[in-house]
Amino acid sequence: MKLIIINGPNLNLLGKREPEIYGTTTFESYFETLKKQFTQVDLHYFQSNIEGEIIDKIQEVGFSFDGIILNAAAYTHTSIGIGDAVKSIKTSVIEVHISNVTAREPFRHTSYIAPNAVGIIAGFGLNSYDLAIEAFLKLRK
Ligand code: DQA
98 MKLIIINGPN
108 LNLLGKREPE
118 IYGTTTFESY
128 FETLKKQFTQ
138 VDLHYFQSNI
148 EGEIIDKIQE
158 VGFSFDGIIL
168 NAAAYTHTSI
178 GIGDAVKSIK
188 TSVIEVHISN
198 VTAREPFRHT
208 SYIAPNAVGI
218 IAGFGLNSYD
228 LAIEAFLKLR
238 K
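At position 28 of the sequence shown (counting the first as 1) the number is 125 in our numbering, and the numbers step up by one without a gap.
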């Protein structure tokens, strides 16, 4: 199974950024753990702070990969362009957030991704990503 994690803006700062919300682990080290945990998955990773680059990546993988785990970060709440990209592709998308966005500020309660995602996993820290991989594995059975 071929999956990609796509992370949006400021998630390159995980480990340093607001650790009380996002924890102290860098995504790079967490990704190494994920690859060891899910040896049966061909797991890819992409991060960008730039909206158009995220759209380009969604288009690039969206007709060949088995699943996209998308944490569009702040763009989740603002980007019609990323929402439209998710709607335009064949590959299923699971929306992921590290924090429980619905327990935070009202502007984080809106998602332009969710209407076209299979589902949302939020609030489990970095474990949100491995739960999304588990979900794709289960959906496949
Ligand atoms: C986030 C939640 C977003 O509201 C925020 O803008 C982020 C990270 C999360 O993973 O909890 O950058 O997507």
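Here a beta-carbon is modelled for each residue, glycine too, at the ideal position from N, C-alpha and C.
Looking at the backbone, the Cα of E157 and that of D227 are separated by about 23 angstroms. Measuring C-alpha to C-alpha distances from I195 to each of A170, D181, L140 identifies A170 as the nearest. A171 has its Cβ nearer than 7 angstroms to a heavy atom of the ligand DQA. In the structure shown, E129 falls within a helical segment according to DSSP collapsed to helix, strand and coil. For K99, the enclosing beta strand (DSSP E) has its first and last residue at 99–104.
By the Cβ-count criterion, Q144 is buried, with 16 or more other Cβ atoms from all chains shown falling within 10 Å of its own Cβ. In this structure, Y172 is the residue among N224, Y172, Q134 with its C-alpha nearest to the C-alpha of I151.
A direct Cα-to-Cα measurement between I101 and L131 gives close to 12 angstroms.
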